[in-house]
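Please read the structure below before turning to the comments.
Residue numbers (full-length UniProt numbering), protein chains in the order written: chain A, 1 to 205; chain B, 1 to 205.
Written out as structure tokens, the structure reads:
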């Protein structure tokens, strides 16, 4: 079945999906749009809810980054079979997205220098100190992964951290050794490493 | 295994979970806090991310409304076994939550009369006209349910509509006959109907 992922030419909500597709050894068409060109009206109108990412497989489409990520995880041996454990990981990814949404990154992208500085300050003084010790603790008590072994929740956290690092020009995981180790683990998975080496580096100005 | 749900004494993000627990015939402790008393610091401090709802089963806890709802659905025969179909329903519930989040209901609850009027206007002129024709179409092409038969996504939509109706004092589904029919279908499921008849009506002033 032909697989296709449409997203921006940036990490954002799409990179953890790309990582998992590569990790699982899936061939897929990696279609990318430049943020600066968005909205491309013809593309936007073709999206069921006007938003990227959109995933296609066998002629059927799926929107919503977490729905796509969870499905790709199920096809890449990154989703445990136990239903309670699946639910715990669902909670983890929603907690990660809560952190992400508090960053108001759309406002940050569009903002002037003053807005950017204020939003960044809030992220570093409020949101990271609230969420990251909790993520660190969950990882630490589970052998460095959210579920005691590699799962999709690990990919989602690393995807969000890499995106935050791109936008803020920092390494937000620095003071959290277990999180920092997980970032390295994911980036060094052989097929992920290979993919990272072949793609162009992302930029944000 | 003893089951317990902690949430506010309101529909909100908790009612579709309560409906599914009743629908599935599960006995559970239905713990409720009054919105006006919130935050109750001792309760808030006991929550892993400071937020309700929190679900407990066999001494283990789970946060995040969608993680809880999906798990309860899996225990109440409201989750299809096909992984693609599961993913399609995941996308549906995220689309419903996108609609919900655009309503900025926390701002609405706290707002003065002018703020309330402006937010309500935006919901009725922008968000409902964008999302509801899409939901209506998805339901209509699938025999009145999001997946051709009753699933958790139907409960999530009805839970959000009932909540919006409580806050806005309207019936936001009126102009969408397939959505309106689904609301009635869920409310008339025997065990749900029985539960609704025994609980106190919700109020918002």
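Glycine residues also receive a C-beta, built at the ideal position from the N, C-alpha and C atoms.
Cross-chain neighbours of residue i in chain A, by beta carbon under 8 Å
i                     : result
residue 90 of chain B : 64, 66, 67, 70 and 71
Sequence-distant residues of its chain with Cβ nearer than 6 Å to residue i (five each side left out)
i                      : result
residue 103 of chain B : 123
residue 131 of chain A : 99
residue 92 of chain A  : 146 and 153
residue 63 of chain B  : 48, 49 and 54
residue 162 of chain A : 11
residue 9 of chain A   : 32 and 34
residue 14 of chain A  : 7 and 53
residue 59 of chain B  : none
residue 121 of chain A : none
residue 97 of chain B  : none
Environment of residue i [buried if 16+ CB atoms lie within 10 Å]
i                      : result
residue 174 of chain A : exposed
residue 70 of chain B  : buried
residue 109 of chain B : exposed
residue 151 of chain A : buried
residue 199 of chain A : exposed
residue 117 of chain B : exposed
residue 83 of chain B  : exposed
residue 41 of chain B  : exposed
residue 57 of chain A  : buried
residue 188 of chain A : exposed
residue 159 of chain A : buried
residue 37 of chain A  : exposed
residue 2 of chain A   : exposed
residue 197 of chain A : exposed
residue 95 of chain B  : buried
residue 164 of chain B : buried
Under 8 Å by beta carbon: chain B residues contacting residue i
i                     : result
residue 19 of chain A : Going along chain B, no residue has its Cβ under 8 Å from residue 19 of chain A, so there is no contact; the nearest lies around 18 Å.
Chain-ordered chain A contacts of residue i [CB-CB under 7 Å]
i                     : result
residue 83 of chain B : 71 and 74
residue 87 of chain B : 62, 67, 70 and 71
residue 94 of chain B : 64, 66 and 67
Rounded Cβ spacing between residue i and residue j (contact assumed at less than 8 Å)
i                      : j                      : result
residue 204 of chain A : residue 166 of chain A : 5 Å
residue 155 of chain A : residue 16 of chain A  : 4 Å
residue 24 of chain A  : residue 65 of chain A  : Contact flag wrong, Cβ pair sits at about 17 Å.
residue 90 of chain B  : residue 67 of chain A  : 4 Å
residue 115 of chain A : residue 107 of chain A : 7 Å
Beta-carbon proximity list for residue i, same chain, < 7 Å, skipping 5 on both sides
i                      : result
residue 44 of chain B  : 50
residue 111 of chain A : 119
residue 105 of chain B : 167
residue 142 of chain A : 148
residue 28 of chain B  : 3, 4, 5 and 21
residue 30 of chain A  : 5 and 18
residue 181 of chain B : 144
residue 171 of chain A : 165
residue 202 of chain B : 10, 11 and 166
residue 183 of chain B : 158, 161 and 173
Nonlocal neighbours in the same chain, by C-beta distance under 8 Å from residue i, ignoring five residues either side
i                      : result
residue 85 of chain A  : 147
residue 138 of chain B : 92 and 146
residue 178 of chain A : 136, 139, 140 and 144
residue 20 of chain A  : 69, 72, 73, 76, 78, 152 and 155
residue 127 of chain A : 99, 102 and 103
residue 61 of chain B  : 48, 54 and 55
residue 22 of chain B  : 191, 192, 194 and 195
residue 176 of chain B : 132, 133, 135 and 136
residue 81 of chain A  : none
residue 26 of chain B  : 3, 72, 75 and 76
Proximal chain B residues relative to residue i, where beta-carbon distance stays under 9 Å
i                      : result
residue 9 of chain A   : Neighbours of residue 9 of chain A on chain B: none; closest Cβ ~23 Å, over 9 Å.
residue 134 of chain A : 48 and 49
Which ranges does the alpha helix (DSSP H) cover as unbroken runs of at least 4 residues, wholly within the stretch 94-126 of chain A, from first to last along the chain? 105-110 and 113-122, all fully within the stretch 94-126 of chain A.
Any alpha helix (DSSP H) of 4 or more consecutive residues that is wholly inside the stretch 140-196 of chain B: Whole alpha helix (DSSP H) segments, 4+ residues: 152-168 and 177-187.
Which residue spans inside the stretch 43-76 of chain A form an unbroken beta strand (DSSP E) run of at least 3? For the stretch 43-76 of chain A, whole beta strand (DSSP E) runs of length 3 or above, ordered along the chain, are 54-57 and 60-63.
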